[in-house]
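Some notes on the structure that comes next.
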Amino acid sequence: MTTHTLSVLVENKPGVLAHVAGLFSRRAFNISSLAVGPTADAGVSRMTIVLDGDSTPVGQVMSQLDKLVRVLKVVELTRGSAVERELALVKVRAEAGHRSQLLEVAQVFGASVVDMSPTTLVLEAVSSPGKLDALLAMLDSYGTCEIVRTGRIALGRGAGAITDEAPAAADGEPAAA
Amino acid sequence: MLDGTQLNQKEQPVDVTGAQALVRSLEEQGVEVVFGLPGGTILPTYDPLLSSSLRHILVRHEQGAGHAAEGYYWATGRPGVCMATSGPGATNLVTALADAYMDSVPMVAITGQVGRPLIGTDAFQEADITGITLPITKHNELVTDPERIPDAIAEAFHIATTGRPGPVLIDVPKDVQQATIGWQSAGPINLPGYRIPGPPSRAAIAAAARLLHAARRPVLYVGGGVIKSNAHEELFRLAELAQAPVTTTLMARGAFPDAHPLALGMPGMHGMFPAVAALQEADLIVALGSRFDDRVTGNLQAFAPSAQIVHADIDPAEIGKIRRPDVAILGDLKPIMAGLAEALSAEVTATGAQPDTADWRATLDSWKRQFPLRYSQAADGPLKPQYVVERLSALTGGNAVVVAGVGQHQMHATQHYSFTKPRSWINSGGAGTMGFAVPAAMGAQVGRPGELVVAIDGDGCFQMTAQELATCAIEGLPIKVLIFNNGFLGMIRQWQELFYDERYSHSELGQTIPDYVKLAEAYGCYGLRCDSADQVDETLEKALAATDVPAVVDFRVHDREGVFPMVAAGRPNDEIILGPEFSSDEQAAARRRDMETR
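Residue numbers (the working numbering), protein chains in the order written: chain A, 1 to 177; chain B, 178 to 775.
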């Protein structure tokens, strides 16, 4: 599955999440994850939306998002030009015989143990999307009890900021002929 | 007690209620009429409304208020305003809001909401109307701070009327209406996330003009945006300069006079053959405020296979949504078309060559002669709806404001009425809302008093909103309603005949119940009936002459008359069916689409 990562600045006002979520539902756009949180400006929140790129026309999603009155800016962050992270908590079956192997796996992936019971471990992992998927696949062979993921967040690399870039709206220039 | 009209913003802030602020804000927006129906949570606002400068039209059902606001917009170009209470009052507006959203109609809906402390408690007549209308409004807002009322209303009108227009809903809790605030007029519009396209790109216009100059088979594919932008004069000039044929979609009928030699009529599923075929054969389609709707393109893969596309629209999300353009021009159509005409003139001057479309026009003229709209009205045979429209068109000289519901009557009306000017055709296009005609005609008549407003309606549609005849009679709005009564949900019947082996599952309404003449009279209207061709003129003349009360005519029309031409849903436009009035040889000739050459 190819994905697209959008960074969206929105006004921090009641109903804004409903407007964005409603748009995705109404236009039958598929989201694989959506993460939202405050920014340095108390009036502005930032959403990171990961789209299923196979079924969803990303240009159309951006144009439609940009039309929402409470949406301030929409930018696509491409894989190479952005840092992408996701946090996951995983409760995995950890019988006495498997525990040390699990700790080894955790160490390889830079995950830390945040809770332990006689039969389970809870691991915390912060990773790029691919690495996190690899960790989860490894853990699955031991028996995963439950998983919670924050959804991807992303930030453009380099000195630029989202607020520097031009708005996403088409500027009326001829499209490629 | 102060009311909205007595406030003076220049003095020290005067204490007003939220309700007074709301009414005053509507006045400051230049609103002249509100269509609505009061209820518990909007009552605080109805009180100052009584002594304001606003005219209020008390509808019989809130859906009527919504469609009336739409009709008012189409007839006048000014945004319509409707008002309802919370819960069912607000949900009754939903169909009209969805309709306005699909057809990009600027409209402001004000709804009462339960008091703030009650929100979320399943209070009496509580409905989450901002949640419900999220996907069918351009924007909506639940106003929780009484001080925000003036700005919220000003923003609502700004959003509704600028860019691609659309409906905006403002939901105001009862206690917000009752709160006391210091009156302050709305400040400057501050919507950082709301962008309207600026002046169109000159480079894009020049590129489009070069394509138009070079095209041999151009078509101007004109949509409702041209009406919204009041750009019919620019369209006329551009078409004549380019010598380019013009097709006007269902939403754009009247943007270009049907009698003009360059007019092809309507494209699409029930479009005129020359218009449908012209798009298929075109080497250049200039889409002006149109959106490649599925009802126009038919099967998309087979649509206009050899055409380059210029797409001019004010909504960036429309450009490339369905068909990728070769040249995109973003912005208001009025300056775009003026710019196109100017750039085309410059191109003519620079090259010393006029656009060469003579062969193309000869071909289209030949198609117009060979494949016109055709139906047969026998002198003593069953009355045909097309004949009634033709007679209406002749008797009114194309000068009526014609309003339609949705279905066969709508298609017959738009096909056979010869439109002469914009804002004389009002209908529900995108949403296809049955029941649109009577209340929309009411709104149009409010906006254009003294003019002839004629609703052409089906018997199925009419019964969905006929109660607004009471409003029309009481408010002195002498609309004419021509019911094309075929006793069926006619378009449904037609599809069942063509695609469901003539199994007429639940599409027959019966022609005699209700008795439309008696119903009209019960509503204080003039009721007439006509079932033969030789009575049509006399009946229409009587109906059109009624200026004191609305007139309703029960035209008993043939129940088996279909709408043709027709492109079946999802089929390629090339498979257009001319209809039973054409021989198989003619149908074969239409498939061949012989081209004229000098």
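Where a beta carbon is used, it is the ideal one built from N, C-alpha and C, also for glycine. Keep in mind the model is a prediction, meaning the values are calculated, not measured.
Any beta-carbon of chain A closer than 7 angstroms to the one on residue i?
{"i": "B/Gly-402", "result": "no"}
{"i": "B/Leu-311", "result": "yes"}
{"i": "B/Pro-493", "result": "yes"}
{"i": "B/Pro-369", "result": "yes"}
{"i": "B/Lys-498", "result": "yes"}
With a cut-off of 7 angstroms, does the C-beta of residue i fall near any C-beta of chain B?
{"i": "A/Arg-26", "result": "yes"}
{"i": "A/Gly-80", "result": "no"}
{"i": "A/Val-178", "result": "The first residue shown for chain A is 1 and the last is 177, placing residue 178 of chain A beyond what the model contains."}
{"i": "A/Leu-72", "result": "yes"}
{"i": "A/Gly-172", "result": "In this prediction, A/Gly-172 has a pLDDT of 38, which is less than 50 and means its spatial position is unreliable; nothing more can be read from the coordinates."}
{"i": "A/Gly-97", "result": "no"}
{"i": "A/Gln-185", "result": "Coverage of chain A is limited to positions 1 through 177, which leaves residue 185 of chain A absent and any answer about it impossible."}
{"i": "A/Gly-235", "result": "The question about residue 235 of chain A has no answer here: the residues shown for chain A are numbered 1 through 177."}
Straight-line CA distance for residue i to residue j?
{"i": "B/Ala-484", "j": "B/Ala-454", "result": "12 angstroms"}
{"i": "A/Val-71", "j": "B/Leu-346", "result": "18 angstroms"}
{"i": "B/Ala-590", "j": "B/Ser-228", "result": "41 angstroms"}
{"i": "B/Ser-684", "j": "B/Phe-596", "result": "31 angstroms"}
{"i": "A/Ala-134", "j": "A/Pro-118", "result": "26 angstroms"}
{"i": "B/Trp-251", "j": "B/Ala-242", "result": "14 angstroms"}
{"i": "A/Thr-39", "j": "B/Leu-368", "result": "19 angstroms"}
{"i": "B/Phe-759", "j": "B/His-335", "result": "51 angstroms"}
{"i": "B/Val-579", "j": "B/Val-211", "result": "22 angstroms"}
{"i": "A/Arg-93", "j": "B/Ser-467", "result": "59 angstroms"}
{"i": "B/Trp-544", "j": "B/Arg-768", "result": "11 angstroms"}
{"i": "B/Val-565", "j": "B/Glu-524", "result": "46 angstroms"}
{"i": "A/Arg-26", "j": "A/Arg-46", "result": "22 angstroms"}
{"i": "B/Met-772", "j": "B/Asp-542", "result": "10 angstroms"}
{"i": "B/Leu-696", "j": "B/His-244", "result": "22 angstroms"}
{"i": "B/Leu-441", "j": "B/Ile-669", "result": "27 angstroms"}
{"i": "B/Asp-636", "j": "B/Asn-663", "result": "7 angstroms"}
{"i": "A/Phe-24", "j": "A/Ile-31", "result": "8 angstroms"}
{"i": "B/Gly-701", "j": "B/Pro-727", "result": "8 angstroms"}
{"i": "A/Val-44", "j": "B/Val-349", "result": "24 angstroms"}
{"i": "B/Gln-673", "j": "B/Met-279", "result": "26 angstroms"}
According to the neighbour-count rule (16 or more other Cβ atoms, all chains shown, within 10 Å of its Cβ), is residue i buried or exposed?
{"i": "B/Thr-610", "result": "buried"}
{"i": "B/Pro-190", "result": "exposed"}
{"i": "B/Ile-366", "result": "exposed"}
{"i": "B/Gln-592", "result": "buried"}
{"i": "B/Arg-600", "result": "buried"}
{"i": "A/Met-116", "result": "exposed"}
{"i": "B/Pro-626", "result": "exposed"}
{"i": "A/Leu-102", "result": "buried"}
{"i": "B/Gly-410", "result": "The residue asked about is misnamed: residue 410 of chain B is Glu in this sequence, not Gly. Result: exposed."}
{"i": "B/Tyr-249", "result": "buried"}
{"i": "A/Gly-37", "result": "exposed"}
{"i": "A/Val-83", "result": "exposed"}
{"i": "A/Phe-109", "result": "buried"}
{"i": "B/Ile-234", "result": "buried"}
Using 6 angstroms as the cut-off, classify the Cβ of residue i as near or not near the heavy atoms of the ligand COA, replying yes or no.
{"i": "B/Gly-445", "result": "Of ligands this structure carries none, so the ligand COA is not represented either."}
Against chain E, does residue i count as a neighbour if the rule is that its beta carbon must be under 7 angstroms from one of theirs?
{"i": "B/Glu-674", "result": "As a matter of chain content, chain E is missing from the structure shown, whose protein chains are A and B."}
Which runs of the beta strand (DSSP E), 3 residues or longer, sit entirely within the stretch 638-688 of chain B? 657-662
What are the uninterrupted segments assigned as alpha helix (DSSP H) that are 4 or more residues long and contained completely in the stretch 341-405 of chain B, given in chain order? 351-355, 379-391, 401-405
Taking beta-carbon pairs under 8 angstroms, can you tell me which members of the stretch 37-62 of chain A lie near chain B? Gly-59, Gln-60
Residues of the stretch 307-332 of chain B whose Cβ lies closer than 9 angstroms to any Cβ of chain A, in chain order: Thr-307, Gly-308, Leu-311, Pro-312, Ile-313, Lys-315, His-316, Asn-317, Glu-318, Leu-319, Thr-321, Glu-332
Entirely within the stretch 427-465 of chain B and at least 4 residues each: give me those alpha helix (DSSP H) ranges in chain order. 450-458
To test your reading of the DSSP string, which unbroken alpha helix (DSSP H) runs of 4 or more residues are found completely within the stretch 261-332 of chain B? 265-268, 271-279, 306-309
Positions along the stretch 336-349 of chain B whose CB lies within less than 7 angstroms of some CB in chain A: Ile-336
Extract the residue ranges of the beta strand (DSSP E) inside the stretch 211-244 of chain B, only unbroken runs of 3 or more that lie entirely within it. 232-235
Go through the stretch 597-625 of chain B residue by residue and report every complete run of the alpha helix (DSSP H) that reaches 4 residues or more, in order. 614-624
What residues from the stretch 2-21 of chain A come within 8 angstroms of chain B, judged by C-beta to C-beta, listed N to C? Val-10, Glu-11, Pro-14, Gly-15, Ala-18, His-19
So within the stretch 692-763 of chain B, which uninterrupted alpha helix (DSSP H) runs reach at least 4 residues, ignoring any that extend past its ends? 693-699, 713-722
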